[in-house]
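Number of protein chains: 4
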Amino acid sequence: MAIIDQDMQECVNQCLACYKICLSTAAGHCLEAGGRHAEPPHLRLMFACAELCRSSAHLMLLGSDDHRIACRACAEICERCAEDCERIGDMEICVLACRRCAESCGRMAN
Amino acid sequence: MAIIDQDMQECVNQCLACYKICLSTAAGHCLEAGGRHAEPPHLRLMFACAELCRSSAHLMLLGSDDHRIACRACAEICERCAEDCERIGDMEICVLACRRCAESCGRMAN
Amino acid sequence: MAIIDQDMQECVNQCLACYKICLSTAAGHCLEAGGRHAEPPHLRLMFACAELCRSSAHLMLLGSDDHRIACRACAEICERCAEDCERIGDMEICVLACRRCAESCGRMAN
Amino acid sequence: MAIIDQDMQECVNQCLACYKICLSTAAGHCLEAGGRHAEPPHLRLMFACAELCRSSAHLMLLGSDDHRIACRACAEICERCAEDCERIGDMEICVLACRRCAESCGRMAN
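Quick look at the structure:
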């Protein structure tokens, strides 16, 4: 990767890891499990979190000077998604991915 | 569209209009025109703005309670993109689309 | 829009209209309605269709010579989504958007 | 990741690796290098390839039965991007990523 330093590459990787886990867990595990896992607001939050993780990685890969704007938004939604996954329960992998991504994006946003 | 009210539909439309104009102008007009239009930081900002407009529309279409996070980020980058397009000059359509989107997203973010 | 002719603009608009309807109907109406509407394979197809509509529009907006590749894929998944929405029933708006997009992308793909 | 088998996870990873390399190389290296690297059709192809890699990964992560449609499109554009990067020269990392992704998506498409 051209002009991206190592800290930013690490953050891109956390964003894409969180994107992968949120999207595949929502569309795989949660939709199938039903019950609390399939509550519409929970599913929407999972899909929304996946989308902002994807966009945050995108702005960093573009080398945009304004990646901070996307990283800040990503950190914020990842925190909410982690909290909601804890509330639902049995979502440890997702909670962990969201927390790691929120922390990494939080650093890049400053 | 299911659960999206009219104000939000209007904001989705402004986001997608700005996405279309920024992406097609960057990849069409700016890359071909060369000179200031093809300065890498300007092009990256145009692509980054297109991406956050796209994501902001996405969270609203999902009906996510957290669309505000994306709308706030979108309003911020649209303001920067409008300023940069004014600096470059001969980008009136893009300036207008960014300003309208920033205003609409700014309202949704509150 | 810079270098995009009118037929292509029309196809971009059909793709984005179908994207909007599939995504908002899946995440709004279908998740809430439950029953057949919330069958995981149906929801995944709606989300997948939204994604390929989005990408097909993206390649046309980029002015890529290879937009045909994306338009062909988009036409194919829109046909499947239209059929599945007919099977589920009470999804006329979605069926219509998918059919229109499939037809428009089918023309651009040749 | 919930319902995704190991072959598909490998393909998701190849798609996201190619996405990362194409996008960051186009927006970083190519835009800065100028000359043949900054030819608009080359840049558009790089951005288009990044987009279809992203979408192909997305359909697999969704667990969509129709991921084949996206994988086929992805394999096709990756082949074209690899050829174009060979023509431009000094793009070995990109050529390799595109070839690996094309091969992996080609297998998933069948």
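Residue numbers (this note's numbering), protein chains in the order written: chain A, -14 to 95; chain B, -14 to 95; chain C, -14 to 95; chain D, -14 to 95.
Here a beta-carbon is modelled for each residue, glycine too, at the ideal position from N, C-alpha and C.
Please read these numbers as outputs of a predicted model, since none were measured by experiment.
Whole-angstrom Cβ separation of residue i and residue j, contact assumed at under 8 Å?
i: A/Ala12; j: A/Ala82; result: Not a contact, Cβ separation roughly 15 Å.
i: C/His22; j: C/Ile78; result: 13 Å between Cβ atoms; not a contact.
i: C/Ala55; j: D/Leu47; result: Contact doesn't hold; Cβ gap of about 17 Å is too wide.
i: D/His14; j: D/Asp69; result: Not confirmed; about 14 Å, so no contact.
i: B/Tyr4; j: B/Ala33; result: The Cβ separation is near 11 Å, so there is no contact.
Is the separation between the beta-carbon of residue i and that of residue j shorter than 9 Å?
i: B/Ala42; j: B/Val80; result: no
i: D/Arg84; j: D/Ala58; result: no
i: C/Cys90; j: C/Cys7; result: no
i: B/Arg29; j: D/Leu44; result: no
i: B/Arg65; j: B/Asp(-8); result: no
Does DSSP put residue i in a helix, a strand or coil?
i: B/Glu36; result: helix
i: B/Asp50; result: coil
i: D/Met76; result: coil
i: A/Ile6; result: helix
i: B/Asp69; result: helix
i: C/Asp(-8); result: helix
i: C/Cys83; result: helix
i: C/Gly20; result: helix
i: A/Asn(-2); result: helix
i: B/Ala58; result: helix
i: C/Ala42; result: helix
i: B/Ala94; result: coil
Between the Cα of residue i and those of the options, spot the shortest distance and give me the residue it belongs to.
i: D/Glu61; options: C/Ile62, C/Cys63, C/His52 and C/Glu61; result: C/His52
i: B/Ala18; options: B/Cys56, B/Ala33 and B/Met76; result: B/Met76
i: D/Ser40; options: D/Gly20, D/Cys63, D/Ser9 and D/Gln(-9); result: D/Cys63
i: A/Glu71; options: A/Met31, A/Ser9 and A/Arg92; result: A/Met31
i: A/Ile(-11); options: A/Pro25, A/Glu24 and A/Ser49; result: A/Ser49
i: D/Ser9; options: A/Gly20, A/Gln(-6) and A/Thr10; result: A/Gln(-6)
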